[in-house]
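These notes concern the structure reproduced below.
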Amino acid sequence: MRRPEGALARAEAWLFAPGDPRRLAALRIGLGTVLALRLATGPYLELARQPAALFRPISFLRLLHAMPPPAVVVALQVAATAAAVLAVAGVAARITLPLAWAGALPLVAMTSSLGKVVHNDVLLLLSLAPLLPARTADAWSPAARRRRAGAPPGRSVPYGWPVRTAMLVVAGAYFFTGLGKLLHAGPAWVTSGNLRWVLYASSDQAPLPNHAALFVADRPWLAHLVALATLVLELGFPLVLLRPRAGLVLVPCVLAMHAGIWVAMGLNYWPMAATVVLVLVDWAALADFYSHFRRLKKNHRPTPDSTISPSAQA
Amino acid sequence: MQTVERPAVPVWTRWFVAAFLTLFAVCGVAGIEAWPLTGWRLFADARQPVQVAWQAVTVDAAGHETPVPFRDLPAGFHGNVQVLKGFAALGAGEQAAVCRAWADAVRARGGQVEAVRVYRTVTDVSRRVGDRGAPPAREMRFTCGGPGGSRSEGVASRSTRDGGVAPA
Chain A
1 MRRPEGALAR AEAWLFAPGD PRRLAALRIG LGTVLALRLA TGPYLELARQ PAALFRPISF
61 LRLLHAMPPP AVVVALQVAA TAAAVLAVAG VAARITLPLA WAGALPLVAM TSSLGKVVHN
121 DVLLLLSLAP LLPARTADAW SPAARRRRAG APPGRSVPYG WPVRTAMLVV AGAYFFTGLG
181 KLLHAGPAWV TSGNLRWVLY ASSDQAPLPN HAALFVADRP WLAHLVALAT LVLELGFPLV
241 LLRPRAGLVL VPCVLAMHAG IWVAMGLNYW PMAATVVLVL VDWAALADFY SHFRRLKKNH
301 RPTPDSTISP SAQA
Chain B
315 MQTVERPAVP VWTRWFVAAF LTLFAVCGVA GIEAWPLTGW RLFADARQPV QVAWQAVTVD
375 AAGHETPVPF RDLPAGFHGN VQVLKGFAAL GAGEQAAVCR AWADAVRARG GQVEAVRVYR
435 TVTDVSRRVG DRGAPPAREM RFTCGGPGGS RSEGVASRST RDGGVAPA
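Chains A and B, in that order, are what the protein sequence lines are.
Be aware that the first sequence starts at 1, since it is given in my numbering, and climbs by one per residue.
Be aware that the second sequence starts at 315, since it is given in my numbering, and climbs by one per residue.
Next comes the structure, spelled out in structure tokens:
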């Protein structure tokens with residue numbers, strides 16, 4: 001009985017441990033930028049003009065009988081994009097970031113109201129959710145710069161949990177994706193010809209044959225290997241939480257997986273891949289490393305004496 | 315050297331994080347779609363080589379069939395796979411409305427549409443002909459429109475294996 005309680009206490013201590021305000025600010029800037037790009041370039045106006053007969057709503061859009069009208073969609077898109085840009089800049093982020101997120105919700109829901117859930121932006125929205133009530137602009141923002149007269153904020157509890165909650169969401173998303181495969185297909189997801197048939201069908205539906213897909217599908221051993229690697233990667237992804245150094249391998253592997261899906265099936269999951277990098281990389285540590293490197297470089301600026309090589313000195 | 319503050323975690327923060335993570339985990343484990351929370355079902359089913367699908371074609375005045383170019387139509391038309399999958403379950407009026415939407419979109423691109431036909435296709439993707447799969451077996455299931463105006467009706471099954479024209 002003690003062990004689960006101990007594990008829960010350790011998990012709680014990890015989740016609510018102090019964090020660096022710059023890492024939280026990096027999430028606001030990075031995820032906010034991806035959100036702004038998605039909002040500015042999404043096909044929302046095209047979707048708004050969809051004939052009502054083709055509307056297959058999800059979630060709260062079931063309250064409507066058709067896509068929201070174009071005028072409403074344009075107004076929402078402009079307002080949400082502007083709010084996201086302001087949040088990225090750190091202007092009134094406690095208001096602008098929730099506004100951008102709330103504005104994005106119905107717009108992104110429209111992309112999933114064609115009959116199938118599109119997961120591309122879901123991870124981005126869910127990773128942003130813990131940032132909504134957080135103090136994301138206490139660093140790397142105009143207000144933080146104005147406060148520079150005093151000491152910069154140190155590591156503190158309010159800066160830690162939003163980042164770690166987002167990390168749990170990212171790790172959980174891949175774990176649940178793998179778990180879903182195990183629960184619905186079982187080992188057959190790897191041991192049957194599943195991946196071959198997926199790749200053949202995808203290539204056959206494309207205007208031209210996809211040679212990357214056919215390369216894998218034509219080689220049963222390779223298809224099994226890729227399927228096994230995918231499942232192991234997805235189920236093992238939460239290791240990034242337990243062993244941060246595992247991220248050095250797992251994060252590039254996830255990026256490679258998304259790149260492979262894009263090349264072989266034409267499915268572009270860049271917002272999901274970008275969210276993984278933005279949430280799991282310790283940007284504050286990278287900033288410290290960069291400053292340290294710059295200081296070292298400055299201190300070792302060549303002087304007439306230091307240009308003499310050791311061999312010459314000898 | 316930065317100082318480490320350790321204020322107590324506010325109660326609302328604990329509740330917010332606990333509720334959010336619980337909902338996220340429950341949806342993930344149980345595969346519940348409560349968007350934006352999701353069951354993360356991405357390619358979760360094991361595919362078989364024999365795959366049933368649906369195809370919509372337009373018919374011009376000469377009786378020639380042309381697949382509806384969904385990829386080239388606006389984003390609102392890209393749910394064709396799911397709409398076709400549920401087509402049989404729609405009421406006659408809804409089927410006619412769907413056909414009319416597709417026909418209007420094709421006409422807007424300069425196409426001539428006298429009728430829309432919906433085929434059920436069965437493809438064995440393991441049967442390869444060069445870089446492509448063997449042509450699917452087709453069975454016409456529905457037709458809308460034609461001289462009698464826009465209507466939807468089940469028609470007698472008619473199969474072809476060559477993927478060619480199969481007039482009603």
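For glycine and all other residues, C-beta sits at the position ideal for the given N, C-alpha and C.
Since this is a predicted model, take the numbers as computed values, not measurements.
Strand pairing of residue i, partner residues [DSSP]
i, result
"Tyr-433(B)", "Gln-369(B) and Met-454(B)"
"Ala-19(A)", "Note that residue 19(A) is Gly in the sequence shown here, rather than Ala. The partner list for Gly-19(A) (beta bridge, DSSP) reads Ser-156(A)."
"Arg-446(B)", "Val-443(B)"
"Arg-219(A)", "In DSSP, Arg-219(A) forms no bridge with anything."
"Leu-64(A)", "In the DSSP output, where bridge partners are listed per residue, Leu-64(A) has none listed."
"Ala-348(B)", "Leu-351(B)"
"Gly-459(B)", "Ala-429(B)"
"Arg-414(B)", "Paired residues: none, contrary to the question."
"Leu-114(A)", "Arg-56(A)"
"Val-364(B)", "Asp-438(B)"
"Thr-380(B)", "Thr-372(B)"
Environment of residue i [buried if 16+ CB atoms lie within 10 Å]
i, result
"Leu-242(A)", "exposed"
"Glu-234(A)", "buried"
"Thr-191(A)", "exposed"
"Arg-431(B)", "buried"
"Gly-407(B)", "exposed"
"Gly-180(A)", "buried"
"Tyr-200(A)", "buried"
"Ser-473(B)", "Note on Ser-473(B): pLDDT 36, under 50, position unreliable in the model; the coordinate value appears next. Burial call: exposed."
"Asn-194(A)", "buried"
"Ser-306(A)", "A caution first: Ser-306(A) carries a pLDDT of 48, below 50, which makes its placement in the model too unreliable to give a value."
"Tyr-290(A)", "exposed"
"Phe-456(B)", "buried"
"Trp-329(B)", "exposed"
"Thr-177(A)", "buried"
"Phe-175(A)", "buried"
"Asn-210(A)", "buried"
"Arg-361(B)", "buried"
"Gly-186(A)", "exposed"
CB contact below 7 Å: residue i versus chain B
i, result
"Tyr-159(A)", "no"
"Asp-282(A)", "no"
"Gly-115(A)", "yes"
"Thr-307(A)", "Legend: pLDDT at Thr-307(A) = 49, less than 50; position of this residue unreliable, value from coordinates given subsequently. Not one chain B Cβ lies under 7 Å of Thr-307(A)."
"Pro-209(A)", "yes"
"Asn-316(A)", "Since the first residue shown for chain A is 1 and the last is 314, residue 316(A) is missing from the structure and cannot be characterised."
"Tyr-351(A)", "This structure cannot settle anything about residue 351(A), because the visible part of chain A is limited to 1 through 314."
"Ala-9(A)", "no"
"Ser-59(A)", "yes"
"Phe-215(A)", "no"
"Ala-53(A)", "yes"
"Arg-56(A)", "yes"
"Asp-204(A)", "yes"
"Trp-197(A)", "yes"
"Phe-237(A)", "no"
"Thr-275(A)", "no"
"Thr-81(A)", "no"
"Phe-16(A)", "yes"
Test: residue i CB closer than 7 Å to a CB of chain A
i, result
"Gly-393(B)", "yes"
"Gly-459(B)", "no"
"Pro-383(B)", "no"
"Pro-450(B)", "no"
"Gln-396(B)", "yes"
"Asp-445(B)", "yes"
"Gly-478(B)", "Because Gly-478(B) carries a pLDDT of 34, less than 50, the predicted location of this residue cannot be relied on, and the following value inherits that uncertainty. Judged by the 7 Å Cβ criterion, Gly-478(B) is not in contact with chain A."
"Ala-406(B)", "no"
"Val-412(B)", "yes"
"Ala-415(B)", "yes"
Contact between the region 95-111 of chain A and the region 130-143 of chain A: three or more CB pairs below 8 Å? yes
The region 22-37 of chain A / the region 75-87 of chain A touching (three or more Cβ pairs under 8 Å): yes
If the cut-off is 7 Å on Cβ atoms, which residues from the region 117-142 of chain A count as contacting chain B, listed in chain order? If the cut-off is 7 Å between Cβ atoms, the region 117-142 of chain A has Val-117, His-119, Val-122, Leu-125, Leu-126, Ala-129, Pro-130 and Pro-133 near chain B.
The region 51-66 of chain A in contact with the region 12-21 of chain A per 3-pair CB rule at 8 Å: no
For the region 27-51 of chain A, enumerate the residues whose C-beta is nearer than 7 Å to any C-beta of chain B, in chain order. Pro-43, Glu-46, Leu-47, Arg-49, Gln-50 and Pro-51
Residues of the region 345-370 of chain B in Cβ contact with chain A at a cutoff of 8 Å, in chain order, please. Gly-345, Glu-347, Ala-348, Trp-349, Pro-350, Leu-351, Thr-352, Gly-353, Trp-354, Arg-355, Leu-356, Phe-357, Ala-358, Asp-359, Ala-360, Arg-361, Gln-362, Pro-363 and Gln-365
Taking a cut of 8 Å between CB atoms, which residues from the region 92-108 of chain A lie near chain B? Leu-105 and Val-108
Name, going along the chain, the residues of the region 167-191 of chain A whose beta-carbon falls closer than 8 Å to a beta-carbon of chain B. Leu-168, Val-169, Gly-172, Ala-173, Phe-175, Phe-176, Thr-177, Leu-179, Gly-180, Lys-181, Leu-183, His-184, Ala-185, Gly-186, Ala-188 and Trp-189
Given 8 Å as the limit, is there contact between the region 409-429 of chain B and the region 437-451 of chain B, that is, 3 or more CB pairs closer than that? no
Would you call the region 109-116 of chain A and the region 392-399 of chain B touching, i.e. three or more CB-CB distances under 8 Å? yes
The region 428-440 of chain B: positions lying closer than 9 Å to chain A by Cβ: Thr-437, Val-439 and Ser-440
If we count Cβ pairs, one from each stretch, closer than 8 Å, do we get three or more for the region 251-269 of chain A versus the region 151-160 of chain A? no
Using a beta-carbon distance cut-off of less than 7 Å, what residues from the region 228-261 of chain A approach chain B? none
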